[in-house]
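Visitor: The structure's right below; bear with me while I get my questions together.
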Amino acid sequence: MISKCTRIERDGEIALVVVHNPPVNTITAEVRAGLSEALETLRSGENLRAVVLLCEGSTFFSGADIGEFAGPPREVEYRILFNGFEALEVPVVAAMHGTVMGGGLEIALACHYRVAAPTTRFALPEVTLGIIPGAGGTQRLPRLIGAERALDFILSAKPVSASQAKDLGFLDDVIEGDLRAGAIAYARALLAAGKGPRRTGAMNVDRATATDEIFQRMTAQARKLYPNRNAGLVAVEAVRKASQSSLADGLEFETALANDCKKSVESRGAIHVFFAERDCRRVPGIGDEVAAMPVKSAGVIGAGTMGGGIAICFANAGIPVTLVDANNAALERGLANVNRVYQSMVDRGRLTADEKSQRMARIRTTLDYDQLRDADVIVEAVFESMDLKREVFAKLDAVARRGAVLATNTSTLDIEAIAVATSRPQDVIGMHFFSPANVMPLLEVVRTERTSPVAIKTVMELAKPLRKTPVLASVCYGFIGNRMMEGYAREAQRMVLEGASPRQVDGALEDWGMAMGILAVFDMAGVDVGVNVHRANASRYPPDPSYYQADVALHEAGRLGQKSGKGYYRYEPGNRARIDDPDAIEILRRRAAELQIPQRVHSTGEIQERCLFPLMNEGFRVLGEGIALRAADIDVVWTSGYGFPRYRGGPMFHAEVLGLETLLNGMHRYRDLFGPMHWEPAPLLVELVERKLSIAEWERDQRAKRAQS
Ligand code: NAI
Numbered sequence: 024m025i026s027k028c029t030r031i032e033r034d035g036e037i038a039l040v041v042v043h044n045p046p047v048n049t050i051t052a053e054v055r056a057g058l059s060e061a062l063e064t065l066r067s068g069e070n071l072r073a074v075v076l077l078c079e080g081s082t083f084f085s086g087a088d089i090g091e092f093a094g095p096p097r098e099v100e101y102r103i104l105f106n107g108f109e110a111l112e113v114p115v116v117a118a119m120h121g122t123v124m125g126g127g128l129e130i131a132l133a134c135h136y137r138v139a140a141p142t143t144r145f146a147l148p149e150v151t152l153g154i155i156p157g158a159g160g161t162q163r164l165p166r167l168i169g170a171e172r173a174l175d176f177i178l179s180a181k182p183v184s185a186s187q188a189k190d191l192g193f194l195d196d197v198i199e200g201d202l203r204a205g206a207i208a209y210a211r212a213l214l215a216a217g218k219g220p221r222r223t224g225a226m227n228v229d230r231a232t233a234t235d236e237i238f239q240r241m242t243a244q245a246r247k248l249y250p251n252r253n254a255g256l257v258a259v260e261a262v263r264k265a266s267q268s269s270l271a272d273g274l275e276f277e278t279a280l281a282n283d284c285k286k287s288v289e290s291r292g293a294i295h296v297f298f299a300e301r302d303c304r305r306v307p308g309i310g311d312e313v314a315a316m317p318v319k320s321a322g323v324i325g326a327g328t329m330g331g332g333i334a335i336c337f338a339n340a341g342i343p344v345t346l347v348d349a350n351n352a353a354l355e356r357g358l359a360n361v362n363r364v365y366q367s368m369v370d371r372g373r374l375t376a377d378e379k380s381q382r383m384a385r386i387r388t389t390l391d392y393d394q395l396r397d398a399d400v401i402v403e404a405v406f407e408s409m410d411l412k413r414e415v416f417a418k419l420d421a422v423a424r425r426g427a428v429l430a431t432n433t434s435t436l437d438i439e440a441i442a443v444a445t446s447r448p449q450d451v452i453g454m455h456f457f458s459p460a461n462v463m464p465l466l467e468v469v470r471t472e473r474t475s476p477v478a479i480k481t482v483m484e485l486a487k488p489l490r491k492t493p494v495l496a497s498v499c500y501g502f503i504g505n506r507m508m509e510g511y512a513r514e515a516q517r518m519v520l521e522g523a524s525p526r527q528v529d530g531a532l533e534d535w536g537m538a539m540g541i542l543a544v545f546d547m548a549g550v551d552v553g554v555n556v557h558r559a560n561a562s563r564y565p566p567d568p569s570y571y572q573a574d575v576a577l578h579e580a581g582r583l584g585q586k587s588g589k590g591y592y593r594y595e596p597g598n599r600a601r602i603d604d605p606d607a608i609e610i611l612r613r614r615a616a617e618l619q620i621p622q623r624v625h626s627t628g629e630i631q632e633r634c635l636f637p638l639m640n641e642g643f644r645v646l647g648e649g650i651a652l653r654a655a656d657i658d659v660v661w662t663s664g665y666g667f668p669r670y671r672g673g674p675m676f677h678a679e680v681l682g683l684e685t686l687l688n689g690m691h692r693y694r695d696l697f698g699p700m701h702w703e704p705a706p707l708l709v710e711l712v713e714r715k716l717s718i719a720e721w722e723r724d725q726r727a728k729r730a731q732s
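Plus 23 on top of the position in the sequence shown (first one is 1) and you've got the numbering used here.
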């Protein structure tokens, strides 16, 4: 035993360095200390002819400790450690299994030989976090597989299988059966063949793979894959250096680049989101003393678009689910949709036919609410009507077992009002999934004044097997995400009435980094959906005659979006590609004339500001009113549910990058131009600027105040 998580075992002349740092063998400081000590022992090892490095548990090293990213740079420490393994005088074999990412793969690259179990996956995902593989990855990988392939792999950031890794050339052998025994046999075979250390650092990058032309192509690829970002380009520079210098010089260069990357907004933003997604599961005030209820079976009411997707989430999690609808035709349609989703997964090789039938078998359909008697959690996803939902909840109250969580997927209705249709409002909660529910990671969990801590905890924990990122919100119209979308989309719609084209508005938002322009989103979701919501909630909105009138005008012309082949754009049958449509533009012009909206030219900057400023401003209201627990939760909502670029860290993170004062001044500027109706700055934004506080400082203040009271 060397340290708590590292030990050396012997199998004759072979030493096994075995690491055990559950759950995923992250290379923490403790692991590094253990490995350093192991190195010392190996250096003076008697009768030692080879070393095998392996990990116990679910995986080989899964990667570096991202928790350390915010602290001082560790590259030098990693470099000394990995160089130490590379410098050993006997052959060193990395024996891998599980998911080997980032630093986990980099240590293996510093070993002399690499073998892996057939199901092992490998990736260098650093560029998606705004950094580069900074523990030797950019220097050693090109020495093994050439600059071109190395960059392809680094830029794609996607995992490859063991057989692909072998084809690429950084894996020597795939070991069937027992990995440990296989790796020892592999080491013995090396010795028998008289093979010694084979140091990656002593190899040269194959010149033919490192031409100017190739680097130019890779630079173009980095720009295309990662617009607005730098890390991909930096990775190209680091790999270019590998082809031009010794390992030692290359590693120095890589360290300098890696440390620069960590200071960038794209890296700070992406890492902020990474941690925000972890922390959003914690609910202040609901600690370990509250136990989540185990969820062994579930019910879903409504087999439509959302209900079917939600049922799939349960079935995927291994939780049997009863799907209820009002008539057989709806159930059949719902089940056919579920079948289609699974079949497409089978067709794409994501699921075996067996797995598909197992999952389908977990979904039972019925018209009979009594069948929900045993469900631990029931999610309602019927039409968006208060009367109907209250009727459904009254029925659930009559049949559901005591203590079952009764959840609604409503987007716009008051959950408090739904809860009081039951005799147990403490068990009622919002589970707001996003469409398609089986794909989108976000789950807004909406608590009412009366929702019990157990119900909240149960749903927050249920999110894990459902593979959702849960964010807790309080009841308000639109919760966190849709409430913030209101102003963002309002301005997009207003600008197409002012004469900007849909392509111009969506293009400006997409150039900025949004996954999809908001008008294209409306075409996808159905223009009618938005119109119906706005019609049903007309009394909530400010008295602006142009409010969401672009939607209304298109809707009146029968343009419902993709499903009718035309909306803001035109679509060819079976094709989602957006085609500019002069007819749509003419309809918008006519509506603008009726509303006497003057036509003018918009700059890209104006489009971006007019959409994003209200979005961020509303975020400050949501935070100030306590609808969201933390600013970082708001960032999670927008990055995981609304296509906000992770590398910009989410709207609240971005507000600080922009500068709170700049945002406030921007709101004032547009208020002067367009009037106060839509451009009043949020009180919290004003307060933070006046008090010169960052969001984190204000949150700390609030926590201290709560602790005192
Ligand atoms: P949908 O119209 O596709 O499905 C609704 C289903 O409910 C239909 O199959 C209908 O037959 C069934 N139904 C109606 N009355 C029923 C009753 N008494 N008992 C059992 N089933 C009944 O609607 P969709 O889009 O799935 O929306 C459902 C809910 O999810 C709504 O509250 C909506 O606001 C919400 N939502 C929708 C999103 C979307 O993008 N479609 C996103 C997030 C939430």
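Here a beta-carbon is modelled for each residue, glycine too, at the ideal position from N, C-alpha and C.
Based on the DSSP output, what are the partners of MET124 in its beta bridges?
Guide: DSSP lists ALA146 as partners of MET124.
Visitor: Taking the runs of the alpha helix (DSSP H) that are 4 residues or longer, which of them lie wholly in the stretch 305-354?
Guide: If we require 4 residues or more, the alpha helix (DSSP H) runs fully inside the stretch 305-354 come out as 328-339.
Visitor: What distance in whole Å lies between the Cβ atoms of GLY330 and ALA398, which are believed to be in contact at a cut-off of 8 angstroms?
Guide: Not quite, the Cβ-Cβ distance comes to about 14 angstroms (not below 8 angstroms), so this is no contact.
Visitor: Closest to CYS336 by CA distance: which of ILE309, PHE643, MET383 is it?
Guide: The candidate whose alpha carbon is nearest that of CYS336 is MET383.
Visitor: Compare the beta carbon distance of LEU111 and ARG66 with 9 angstroms and say whether it is the shorter of the two.
Guide: The answer is yes: Cβ separation under 9 angstroms.
Visitor: If you run the structure through DSSP and keep just helix, strand and coil, what is LEU178?
Guide: Three-state result, LEU178: helix.
Visitor: Looking at the structure shown, is LYS589 part of a helix, part of a strand, or coil, going by DSSP?
Guide: DSSP places LYS589 in strand when its eight states are reduced to three.
Visitor: Could you have a look at THR51 and say whether DSSP puts it in helix, strand or coil?
Guide: Reduced to three states, the DSSP call for THR51 is coil.
Visitor: Tell me whether ALA398 counts as near the ligand NAI, meaning its Cβ is closer than 8 angstroms to at least one heavy atom of that ligand.
Guide: False, no ligand heavy atom lies under 8 angstroms from that Cβ.
Visitor: Could you give the distance in angstroms between the alpha-carbon of ARG424 and the alpha-carbon of ASN44?
Guide: The straight-line gap from Cα to Cα measures roughly 41 angstroms.
Visitor: Just tell me which of ASP195, THR151, GLU199, LEU280 has its CA closest to the CA of PHE176.
Guide: Ranking ASP195, THR151, GLU199, LEU280 by Cα distance to PHE176 puts THR151 first.
Visitor: Please classify GLU740 as buried or exposed, where buried requires at least 16 neighbouring CB atoms within 10 angstroms.
Guide: The displayed coordinates of the chain run from 24 to 732. Any statement about residue 740 would go beyond what the structure contains.
Visitor: Whose C-beta lies closer than 7 angstroms to the C-beta of SER184 among residues of the same chain, with five residues either side of it excluded?
Guide: Once the five neighbours on either side are set aside, the close Cβ partners of SER184 are ARG144.
Visitor: I'd like the list of long-range same chain contacts for VAL415, defined as Cβ closer than 8 angstroms, with 5 residues on each side in sequence excluded.
Guide: The residues are ILE324, GLU403, VAL405.
Visitor: With VAL494 and VAL660 assumed to form a contact (beta carbons below 8 angstroms), what rounded beta-carbon distance in angstroms separates them?
Guide: VAL494 to VAL660, Cβ: 5 angstroms. Contact.
Visitor: Sort out for me which residues DSSP pairs CYS78 with in a bridge.
Guide: CYS78 pairs with VAL42.
Visitor: So, with DSSP's three-state summary, where would you put HIS455?
Guide: The answer is strand: DSSP assigns HIS455 an E or B state.
Visitor: I'd like to know if the stretch 510-524 and the stretch 606-623 are in contact, where contact means that at least 3 CB-CB pairs between them fall below 8 angstroms.
Guide: Touching, yes.
Visitor: Cα-Cα, which of LYS379, GLY642, ASP410 is closest to ARG506?
Guide: Ranking the options by Cα distance to ARG506, first place goes to GLY642.
Visitor: If you reduce the DSSP assignment to three classes, tell me which class GLU60 lands in.
Guide: Reduced to three states, the DSSP call for GLU60 is helix.
Visitor: Is the stretch 123-141 close to the stretch 208-224, with three or more CB pairs under 8 angstroms?
Guide: Result yes; three or more Cβ-Cβ pairs closer than 8 angstroms.
Visitor: Let's test the definition: count the other Cβ atoms within 10 Å of the Cβ of MET700 and tell me whether it reaches 16, buried, or not, exposed.
Guide: With fewer than 16 Cβ atoms within 10 Å of its Cβ, MET700 is classed as exposed.
Visitor: Report all residues from its chain with a CB closer than 7 angstroms to the CB of VAL54; omit the five preceding and five following residues, and keep chain order.
Guide: Within the same chain, VAL54 has close Cβ partners CYS28, THR29, VAL42, ASN44.
Visitor: Consider the C-beta atom of HIS455 and the heavy atoms of the ligand NAI; say whether any pair is separated by less than 8 angstroms.
Guide: HIS455 Cβ: within cutoff of the ligand NAI.
Visitor: Can you tell which of GLN449, ILE479, PHE676, SER81 has the C-alpha that lies nearest to the C-alpha of PRO307?
Guide: The option with the nearest alpha carbon to PRO307 is ILE479.
Visitor: Counting pairs of Cβ atoms below 8 angstroms between the stretch 638-655 and the stretch 610-617, do you hit three or more?
Guide: Contact between the stretch 638-655 and the stretch 610-617 is absent, because fewer than three Cβ pairs lie under 8 angstroms.
Visitor: Assign MET690 to buried or exposed, taking buried as 16 or more other Cβ atoms, counted over all protein chains shown, within 10 Å of its Cβ.
Guide: Classification for MET690: buried.
Visitor: For GLY125, which residues from the same chain have a beta carbon less than 7 angstroms from its beta carbon, with the 5 sequence-adjacent residues on both sides left out?
Guide: The residues are GLY86, ALA87, LEU147, PRO148, GLU149, PRO156.
Visitor: To which residues does DSSP link GLU98 through a beta bridge?
Guide: None, per the DSSP bridge assignment.
Visitor: Alpha carbon to alpha carbon, what distance is there between GLY530 and ARG517?
Guide: Between ARG517 and GLY530, the C-alpha separation is close to 16 angstroms.
Visitor: What is the rounded straight-line gap between the Cα of ALA293 and the Cα of VAL47?
Guide: ALA293 and VAL47: Cα-Cα distance of roughly 21 angstroms.
Visitor: Distance, Cα to Cα, GLU277 vs GLY159?
Guide: Each residue's Cα considered, the two are about 7 angstroms apart.
Visitor: Give me, in chain order, the residues of the same chain whose beta-carbon lies closer than 6 angstroms to that of GLY205; leave out the 5 immediate sequence neighbours on both sides.
Guide: Only ILE198 meet the Cβ criterion.
Visitor: Take ASP201 as the anchor and find which of THR142, LEU436, VAL296, TYR594 has the nearest alpha-carbon.
Guide: It is THR142 whose Cα lies nearest to the Cα of ASP201.
Visitor: Is the closest heavy atom of the ligand NAI to the C-beta of LEU21 under 8 angstroms?
Guide: The structure shown does not extend to residue 21, since the chain is modelled only from 24 to 732, so the question has no answer here.
Visitor: Can you find at least 3 beta carbon pairs, one from the stretch 178-193 and one from the stretch 289-305, that sit closer than 8 angstroms?
Guide: They do not touch, by the three-pair rule.
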